[in-house]
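123 is the number of the first residue of the sequence shown in this note's numbering; add one for each residue after it. Structure first, commentary second.
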Amino acid sequence: MTLNKYFDHTLLKPDATDAQIKALCQEAKEYDFYSVCINSCHVNLAAKELSGCNVEITAVVGFPLGACTSKTKAFEAEEACKAGASEVDMVMNVGKLKSGDYDYVLADIEKVVDAASEYGSIVKVILETGLLTPEEIVKGCQLAAQGGAHFVKTSTGFSSGGATTEVVRLMKETIGDVLKIKAAGGIRDYEAAKEMIEAGADRLGSSASVKIMKQAENK
123 MTLNKYFDHT LLKPDATDAQ IKALCQEAKE YDFYSVCINS CHVNLAAKEL SGCNVEITAV
183 VGFPLGACTS KTKAFEAEEA CKAGASEVDM VMNVGKLKSG DYDYVLADIE KVVDAASEYG
243 SIVKVILETG LLTPEEIVKG CQLAAQGGAH FVKTSTGFSS GGATTEVVRL MKETIGDVLK
303 IKAAGGIRDY EAAKEMIEAG ADRLGSSASV KIMKQAENK
């Protein structure tokens, strides 16, 4: 797979304007990125901007805390998919995982997976690994697989810590080929992107995708 197809070209800032979302979509078309990754309120606009091209739309759900109710996450996922999102990046309920309430975490994932599957959309579960112990990361990966998700994702980029090669390797050791891995949070240059892919990442979430592609062209 060529480097550009690893990227979910990302803009999740709370002050993102319509003009910036349009620019993000134009960049995604120009570089033929895999998808744009945006907040759910922008999916309608992105769907118009990306009509007729093969760039997908990823919508984040329960972002960035993952602490809303499961019904809220499922409803947001459904709304995003209805508007044109083919992928959903949901934030796991980190507090419930750390509390050992695995039944809650599993049901939370399953509700979003069920909502997204009605539209044929895939689900990535954001673990927020910077807040977790290695044992909790392993458990989170296992619950994501059990809940029917398609990917595990390292981070939102809005909490402590982002993607690290150590975490990506741990996730890969845990899930093997059962799920795919998305590394996100702090991937800002070509070397970091390359290291994440080598560690086992199947997708990269970055707001610096264009910069990374330009660096890659100069290598």
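In this text, a Cβ means the ideal position worked out from N, Cα and C, and glycines have one as well.
Closest by C-alpha distance to residue i, when choosing among the options
i: residue 258; options: 233, 281 and 215; result: 215
i: residue 330; options: 140, 139, 153 and 204; result: 153
i: residue 163; options: 127, 203, 250 and 125; result: 203
i: residue 171; options: 161, 178 and 147; result: 147
i: residue 274; options: 281, 282 and 262; result: 262
N-terminal and C-terminal residue of the alpha helix (DSSP H) that residue i is part of
i: residue 197; result: 192 to 205
i: residue 263; result: 256 to 268
i: residue 217; result: 216 to 220
i: residue 309; result: No alpha helix (DSSP H) contains residue 309, which DSSP labels as neither H nor E.
i: residue 228; result: 224 to 239
Alpha-carbon spacing of residue i relative to residue j, whole angstroms
i: residue 306; j: residue 341; result: 23 angstroms
i: residue 366; j: residue 180; result: Look at the range of the chain in this structure, 123 to 341, and you will see that residue 366 is not part of it.
i: residue 279; j: residue 325; result: 15 angstroms
i: residue 266; j: residue 211; result: 12 angstroms
i: residue 143; j: residue 176; result: 17 angstroms
i: residue 315; j: residue 197; result: 33 angstroms
i: residue 264; j: residue 309; result: 25 angstroms
i: residue 226; j: residue 336; result: 43 angstroms
Exposure of residue i, with buried meaning 16 or more beta-carbon neighbours within 10 Å
i: residue 174; result: exposed
i: residue 255; result: exposed
i: residue 300; result: exposed
i: residue 207; result: buried
i: residue 141; result: exposed
i: residue 339; result: exposed
i: residue 218; result: buried
Residues near residue i in its chain [Cβ-Cβ closer than 7 angstroms; skip 5 each side]
i: residue 235; result: 245, 269, 270 and 271
i: residue 192; result: 229, 230 and 233
i: residue 129; result: 155, 156, 326, 328 and 331
i: residue 295; result: none
i: residue 287; result: 317, 318 and 321
Opening and closing residue of the beta strand (DSSP E) in which residue i lies
i: residue 130; result: 129 to 133
i: residue 245; result: 244 to 248
i: residue 180; result: 178 to 183
Beta-carbon proximity list for residue i, same chain, < 6 angstroms, skipping 5 on both sides
i: residue 136; result: none
i: residue 199; result: 183, 210, 234, 237 and 238
i: residue 241; result: 203
i: residue 284; result: 277, 307 and 308
i: residue 150; result: 131, 158 and 177
Chain-order list of residues whose beta-carbon lies under 8 angstroms from that of residue i (same chain, five-residue window excluded)
i: residue 292; result: 256, 259 and 260
i: residue 194; result: 184
i: residue 252; result: 277, 281, 282, 283, 284 and 307
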